[in-house]
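Trainee:
In my numbering, the protein residues as written are 125 to 414.
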């Protein structure tokens, strides 16, 4: 298989992941073209679908392959063990991605050593988490400030609970919360002990529910027992709520099968080097895309 892979445009935390993924490709006998555009490529490999900064260059690669109906593998930071495990999917991220062989079991989730905390509703805040407007995930959506406004207006039809607006840490948003009652903006605080994590877990201690279009905070909230409201693009869609008319009594279904499936979307660096995710992805590529 001819694989065009582009570590040159990745963020700092992508270097080792790319290196291990390239090693697994070569060990599998693939023809690897590193940072080189080739006319006979079968698949391209990029980092994330956030077209910003260095990663802005990935959009041209994405567009070139998708115009030809060729697959693009997207690697990005994981949401289960952030900066410890990494998502690897085909043609997108989160629920829009194809993560390969869909056969899952209940064993891999145990490796993450994460307890699904019981559903609880001891908090009082409804946290609305924003995303980066430059992400491919956000296409066809309104400006982020307008989206926040829309969520507030809709939520207020059903509850007067406090609402906390939490913008994406790298996407500044202006919104006039003074025109609303009991709504405030509380920006995420950087966790200086990590590469790019924030204080979300601390914020969840006061949460009644969390709203997210498709990003990782909904996964974190659901694992902590906080009901979530998400779109169909979210990996938390299967255990989430999609309309605010039940905000006073959210759906809180069993999460174990959801967790079992999530476990097969993310991989540790040693697993990437061993080629475990690549073999799953390669099988899917050969069955469906190439």
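Where is the CB? At the ideal position from N, CA and C, for every residue including glycine.
If distances are taken between C-alpha atoms only, which option among 172, 226, 170 comes closest to residue 381?
Mentor: Counted from its first residue, the chain shown places residue 381 at position 257. It is 226.
Trainee: Quick check on DSSP: helix, strand or coil for residue 227?
Mentor: For this step, residue 227 is matched to residue 103 along the chain shown. Three-state DSSP puts residue 227 in coil, outside helix and strand.
Trainee: Between the Cα of residue 370 and the Cα atoms of 392, 388, 333, 347, which residue gives the shortest distance?
Mentor: For the purposes of this step, residue 370 is taken as residue 246 along the chain shown, with counting starting at 1. Checked all of 392, 388, 333, 347; the closest Cα to residue 370 is 333.
Trainee: Would residue 330 pass as a contact of residue 218 if the rule is Cβ separation under 8 Å?
Mentor: Here residue 330 refers to the residue found at position 206 when the chain shown is read from its first residue. Here residue 218 refers to the residue found at position 94 when the chain shown is read from its first residue. Between residue 330 and residue 218, the C-beta gap is not smaller than 8 Å, which leaves the two residues out of contact.
Trainee: Check whether the Cβ atoms of residue 154 and residue 125 sit closer than 8 Å, and answer yes or no.
Mentor: Taking the chain shown and counting its residues from 1, the one referred to as residue 154 is at position 30. Taking the chain shown and counting its residues from 1, the one referred to as residue 125 is at position 1. Yes.
Trainee: Compute the Euclidean distance between the alpha carbons of residue 309 and residue 268, then round it to the nearest angstrom.
Mentor: Working through the chain shown from its first residue, we reach residue 309 at position 185. Working through the chain shown from its first residue, we reach residue 268 at position 144. When rounded, the distance between both Cα atoms is 14 Å.
Trainee: How would you write the range of the beta strand (DSSP E) that residue 126 sits in, first residue to last?
Mentor: For this step, residue 126 is matched to residue 2 along the chain shown. Element bounds for residue 126: 126 to 129.
Trainee: Please identify the residue among 304, 220, 244 whose C-alpha is closest to the C-alpha of residue 378.
Mentor: Start at 1 with the first residue of the chain shown, and residue 378 comes out as number 254. Nearest C-alpha to residue 378 among 304, 220, 244: 244.
Trainee: Mapping DSSP to helix, strand and coil, what is residue 177?
Mentor: The residue given as residue 177 occupies position 53 in the chain shown. Assigned with DSSP and collapsed to three states, residue 177 falls in helix.
Trainee: Considering only residues of the same chain and omitting the five flanking positions on each side of residue 128, which have a CB-CB separation below 6 Å?
Mentor: Residue 128 sits at position 4 when you count from the first residue of the chain shown. Within the same chain, residue 128 has close Cβ partners 157, 162, 165, 168.
Trainee: Return the bridge partner residues of residue 363 from the DSSP annotation.
Mentor: Position 239 of the chain shown, counting from 1, holds the residue named residue 363. Paired residue(s): none; residue 363 is not in a bridge.
Trainee: Taking buried to mean at least 16 other C-beta atoms within 10 Å of its own C-beta, is residue 414 buried or exposed?
Mentor: Counting from 1 along the chain shown, the entry for residue 414 is found at position 290. Classification of residue 414: exposed, given that the 10 Å Cβ count is below 16.
Trainee: In chain order, which alpha helix (DSSP H) runs of at least 4 residues are fully inside the segment 262 to 291?
Mentor: DSSP runs (the alpha helix (DSSP H)) wholly in the segment 262 to 291: 268 to 279.
Trainee: Could you give the DSSP three-state label for residue 344: helix, strand or coil?
Mentor: Mapped onto the chain shown, residue 344 falls at position 220. Helix at residue 344.
Trainee: Is residue 132 buried or exposed, if buried means 16 or more other CB atoms sit within 10 Å of its CB?
Mentor: The residue given as residue 132 occupies position 8 in the chain shown. That one is exposed.
Trainee: Any Cβ of chain C within less than 8 Å of the Cβ of residue 186?
Mentor: Note that chain C does not occur in the displayed structure, where there is just one protein chain.
Trainee: Residue 395 lies in the alpha helix (DSSP H); which residues open and close that run?
Mentor: The residue given as residue 395 occupies position 271 in the chain shown. That run of the alpha helix (DSSP H) goes 393 to 398.
Trainee: Take residue 368 and list the residues in its own chain whose beta-carbon comes closer than 6 Å to its own, dropping the five residues that flank it on each side.
Mentor: Numbered from 1 along the chain shown, position 244 holds the residue referred to as residue 368. Its chain contains 278, 279, 282 as the residues whose beta carbon lies nearer than 6 Å to that of residue 368, once the 5 sequence neighbours on both sides are disregarded; these appear in chain order.
Trainee: Where does residue 155 fall in DSSP's three states?
Mentor: Within the chain shown, residue 155 is the residue found at index 31, counting from 1. DSSP places residue 155 in strand when its eight states are reduced to three.
Trainee: So, at 8 Å on beta carbons, what are the nonlocal neighbours of residue 427 in its own chain, with the 5 sequence-adjacent residues on each side left out?
Mentor: What is shown of the chain runs 125 to 414, which leaves residue 427 out entirely.
Trainee: Near residue 325, what residues of its chain come up, given a Cβ to Cβ distance below 8 Å and the 5 sequence neighbours on each side ignored?
Mentor: Reading the chain shown from its first residue, position 201 is the one you call residue 325. Closer than 8 Å at the Cβ level, and outside the excluded window around residue 325, lie 344, 348.
Trainee: Measure from the alpha carbon of residue 211 to the alpha carbon of each residue in 187, 184, 395, then state which is nearest.
Mentor: On the chain shown, residue 211 is found 87 positions in, with the first residue counted as 1. Nearest option by C-alpha distance: 395.
Trainee: Could you pull the start and end residues of the beta strand (DSSP E) that residue 243 belongs to?
Mentor: In the chain shown, residue 243 corresponds to position 119, counting from 1. Run containing residue 243: none; DSSP gives neither H nor E here.
Trainee: Going by DSSP, what residue range makes up the alpha helix (DSSP H) through residue 333?
Mentor: Along the chain shown, one-based indexing puts residue 333 at 209. Here residue 333 belongs to no alpha helix (DSSP H); instead the beta strand (DSSP E) covers 331 to 336.
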